[in-house]
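What follows is a set of notes on a single structure, which appears directly below.
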Amino acid sequence: MSKPVTGLYRVAKGIAKPLMGTWVKMDVSGEEHLPAEGAFIITPNHISNFDPVCIATFMMQRGYPVRFLAKAELFKTPVVGQILRSMGMVPVERNSDDPSAVLEYARQALRDGECVGIYPEGTLTRDPQMWPMKPKTGAARLALDTGVPVIPIAQWGAHEVIPRYAASIDLRPQRPITIRVCPPVDLSDLITEEGSANYEAVQEATRRIHAAIVKGVEEIRGEKAPAQPWDSAVMSGPDKKTLGRFSKWRRSLAKRGRSLKG
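And the structure:
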């Protein structure tokens, strides 16, 4: 088990259990892959602003307060910063001139035995079909520097509660959410004294972590992901506003379909 649930996290746990228990219906599998003790990293796919709430709730209910990474600027705001600090969130120094300093707070949290949550995609997926995008290297670098296990998590359904890049929210009870905890990614052959200074090892570790997440999402969705993950740097596609309108359109079609069935 990770660190005790303390501070505002304890309050959130007390609120989340009755609220989320009514609002969503979680179908969880693979819990046996969560470490019994010690630090570890979880790497979920990111499809909605609601999925961190689902992941945090699922983990809290099993005694793991997740320390999600958040940009350091948020910690400087009066109210939000206090909430993030009270919940033990981990600041990311994105503007640091020292690449190794960007994830230093996360490394320290792992040294302290915490569970750190990091979205390899870095943001909500921009893939039109909501498959995991090309990942960033943060999770791999943390794993190679600390040697802690990386536990991929595949999840689906949160986008039906709060659509991607849309302002609507579905408050109907028992919204289905699927969470699949995948086996730890084997990085043992890549961990050396060089740690994240080994470029090839970082790239290979990133590839393995991404592949494990995609495999889990494929199993949930029952279909194959594209051979080439979406890369916003080289692929053109809908902007955030368009994706939000598309989510709203999908929601209206689903609502119309329910009305016709009724």
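In our numbering, the protein residues as written are 23 to 284. By construction, the Cβ of each residue, glycine as well, lies at the ideal position given by its N, Cα and C atoms.
(request) Return the chain-ordered list of same chain residues with a C-beta closer than 8 Å to the C-beta of ASP49, the five sequence neighbours on each side being excluded. (result) PRO198, ILE199, THR200 and ILE201
(request) Since I believe ILE64 is in contact with ALA165 (beta carbons under 8 Å), could you give me their beta-carbon distance rounded to a whole number of angstroms? (result) So it is not a contact: roughly 11 Å between Cβ atoms.
(message) I'd like to know whether the C-beta atoms of TRP153 and PRO40 end up nearer to each other than 8 Å.
(response) In this structure, PRO40 does not lie closer than 8 Å to TRP153 by Cβ.
(request) For ARG133, collect the residues of the same chain with a Cβ closer than 8 Å to its Cβ; drop the 5 residues on either side in sequence, then sort them by chain order. (result) ALA61 and THR168
(message) Here's a check: name, in chain order, each residue in its chain whose Cβ is nearer than 6 Å to the Cβ of ILE191, leaving out the five neighbours to either side.
(response) ILE184
(message) My assumption, with CB atoms under 8 Å, is that PRO66 sits in contact with ILE175. Please give the rounded CB distance.
(response) 4 Å
(request) Using the Cα positions of LEU275 and LEU193, report the straight-line distance between them to the nearest angstrom. (result) Note that LEU275 scores 46 on pLDDT, short of 50, meaning its location in the model is unreliable; the coordinates nonetheless yield the value given after this. Whole-angstrom Cα-Cα distance: 17 Å.
(request) Taking GLY238 as the reference, give the member of ILE173, SER218 and VAL224 with the closest Cα. (result) ILE173
(request) Can you say whether PRO195 is buried or exposed, counting buried as having 16 or more other CB atoms within 10 angstroms of its CB? (result) The residue is exposed, with fewer than 16 neighbouring Cβ atoms inside 10 Å.
(request) Report the three-state DSSP secondary structure of ARG84 (helix, strand or coil). (result) Coil at ARG84, not helix or strand.
(message) Counting only beta-carbon separations shorter than 8 Å, does THR159 have a partner in chain B?
(response) In the structure shown, chain B does not exist; there is a single protein chain.
(message) Assuming LEU91 and ILE140 are in contact, meaning their beta carbons sit under 8 Å apart, how far apart are those beta carbons, in whole angstroms?
(response) 5 Å
(message) By the three-class DSSP mapping on this structure, what secondary structure does PRO171 have?
(response) coil
(request) State the CB to CB distance for the pair GLY85 and CYS204, rounded to an integer number of angstroms; the pair is presumed to be in contact (CB under 8 Å). (result) Going by Cβ atoms, the distance from GLY85 to CYS204 rounds to 20 Å, so no, they are not a contact pair.
(message) Only counting the same chain, and skipping five residues up and downstream in sequence, which positions put a Cβ closer than 6 Å to that of VAL236?
(response) Sequence-distant partners of VAL236 (beyond 5 residues in either direction) whose C-beta falls short of 6 Å from its own C-beta, in its chain, are PRO154 and ALA247.
(request) Have a look at GLY279 and ALA180 and give me their C-alpha separation to the nearest angstrom. (result) Residue placement at GLY279 is poorly supported in this model, since its pLDDT is 47, which falls under 50; the coordinates still yield a value, given next. Rounded to the nearest angstrom, the two C-alpha atoms are 20 Å apart.
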